[in-house]
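Numbering (the working numbering), first residue to last: 18 to 187.
We treat Cβ as the ideally placed atom computed from N, Cα and C, and that holds for glycine.
Please read all numbers here as calculations on a predicted model, not as lab measurements.
Reviewing the structure listed below.
Written out as structure tokens, the structure is:
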């Protein structure tokens, strides 16, 4: 479902840093002859490649995980300040293990119990709109995100609840 929605939005390229969080979409995107998958080495590199594809008139998205997005802060600021209307697909690590509290999402697992997740505050600090994709129904947000990116002339983030959460129709 995600791959089909991306193609309907004009996506020709997926710039991807392979990771475990978004593995549920790997087979669908790599086996689709209408898509060109570019594997990269870092999240900042992914953002730069997608910006270049956009400047060349190509439809492209980034597919990375949220921890890597933290690492790509400088590139994220650059694509945002440069007003690139990009859609970023970001795997939301361990989303299903988090509990919503007034202070934000708190990790509720054996590794980091009680630690606040910073994904959403990070995106808010950059002034980036984001939407959660955690079910087949929520894939309707994909074309909405493309329209929003065009309207605001800047990036929009789709947080995928990843392999440990939403898998259904992928």
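CA-to-CA distance, residue j to residue i, given in whole angstroms
{"i": "residue 59", "j": "residue 120", "result": "30 Å"}
{"i": "residue 54", "j": "residue 124", "result": "32 Å"}
{"i": "residue 38", "j": "residue 87", "result": "15 Å"}
{"i": "residue 63", "j": "residue 29", "result": "15 Å"}
{"i": "residue 31", "j": "residue 148", "result": "19 Å"}
{"i": "residue 116", "j": "residue 151", "result": "15 Å"}
{"i": "residue 19", "j": "residue 46", "result": "9 Å"}
{"i": "residue 118", "j": "residue 153", "result": "25 Å"}
Within 8 Å, strictly: CB atoms of residue i and residue j
{"i": "residue 91", "j": "residue 110", "result": "no"}
{"i": "residue 21", "j": "residue 108", "result": "no"}
{"i": "residue 171", "j": "residue 100", "result": "yes"}
{"i": "residue 137", "j": "residue 122", "result": "yes"}
Counterpart residues of residue i in DSSP-defined beta bridges
{"i": "residue 122", "result": "117"}
{"i": "residue 174", "result": "105, 147"}
{"i": "residue 30", "result": "53, 77"}
Along the chain, which unbroken stretches of the beta strand (DSSP E) at least 3 residues long are found entirely within the region 32-116? 53-56, 77-82, 104-108
Is the region 167-178 touching the region 92-109, taking contact as three or more C-beta pairs under 8 Å? yes
Evaluate the contact criterion for the region 64-81 versus the region 136-150: three or more CB pairs, one atom per stretch, below 8 Å. no
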